[in-house]
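Novice: Would you mind keeping the following structure in view while I ask a few things?
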Amino acid sequence: GGGHQQENWDAHTGQEENLQIHAPEIDRPIAALMTDLAQRGLLDETLIVWGGEFGRQPVSQGTNGGRDHNPKGFLYWMAGGGVKGGISHGELDELGHEAQVDRHHIRDLHATILHLMGLDHTRLTYFYGGLNHKLTSVQEAHVIKEVIA
């Protein structure tokens with residue numbers, strides 16, 4: 001957030017223009033990173049994760065071509081280090097508003113990332129305020145096994 005709407009990803013206005021500006025800014029560098037890691041034999045041991053804290057609503061926000069935040073339907077993508085390549089996991093409802101099929105909480109994504117890094121999220125705890133906290137939340141998290149190679 002902050003700044004002019006086209007200076008960042010927060011596309012409350014002009015979403016199409018925003019994506020035309022920002023998608024190429026990440027597309028080539030990510031492709032170059034993955035190519036370089038693969039050529040050096042490091043992609044299989046390097047986990048790449050890309051995403052944001054929310055998606056965008058499936059309907060326009062007023063008449064300005066923007067979309068409001070959508071915490072119920074968003075995506076992350078992962079590549080390399082132990083990830084099953086070439087798959088899509090999960091689906092939104094028919095309107096593209098809310099996750100419906102293979103729905104996971106963000107704490108499950110965190111547990112999965114930690115697992116892929118060789119860490120057991122259930123053992124990473126600290127005691128605070130009378131509760132044993134985990135890096136993945138007080139609530140139970142599950143590794144998303146369907147995305148692991």
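Under this note's numbering, the first residue of the sequence shown is numbered 1, with each subsequent residue one higher. Where is the CB? At the ideal position from N, CA and C, for every residue including glycine. Model, not experiment: these values are computed from the prediction.
#1: Tell me whether leucine 75 sits in a helix, a strand or coil according to DSSP, three-state version.
#2: Assuming arginine 107 and glycine 90 make a contact with CB atoms under 8 Å, what is their CB distance in whole Å?
#3: Any heavy atom of the ligand FAD closer than 7 Å to the beta-carbon of glycine 118?
#4: For lysine 134, which three-state DSSP category applies?
#5: What's the gap between the Cα of glutamate 7 and the Cα of isoleucine 26?
#6: Could you give the first and the last residue of the continuous alpha helix (DSSP H) run that contains leucine 47?
#7: Note the first and the last residue of the continuous beta strand (DSSP E) segment covering threonine 125.
Specialist: By the coordinates alone:
#1: coil
#2: In fact, because the Cβ distance is near 15 Å, the residues do not count as touching under 8 Å.
#3: Questions concerning the ligand FAD fall outside what the structure shown contains, since it holds no ligand whatsoever.
#4: When DSSP states are grouped into helix, strand and coil, lysine 134 belongs to the strand group.
#5: 14 Å
#6: Going by DSSP, leucine 47 is part of no alpha helix (DSSP H) but of the beta strand (DSSP E) stretching over 47–51.
#7: 125–128
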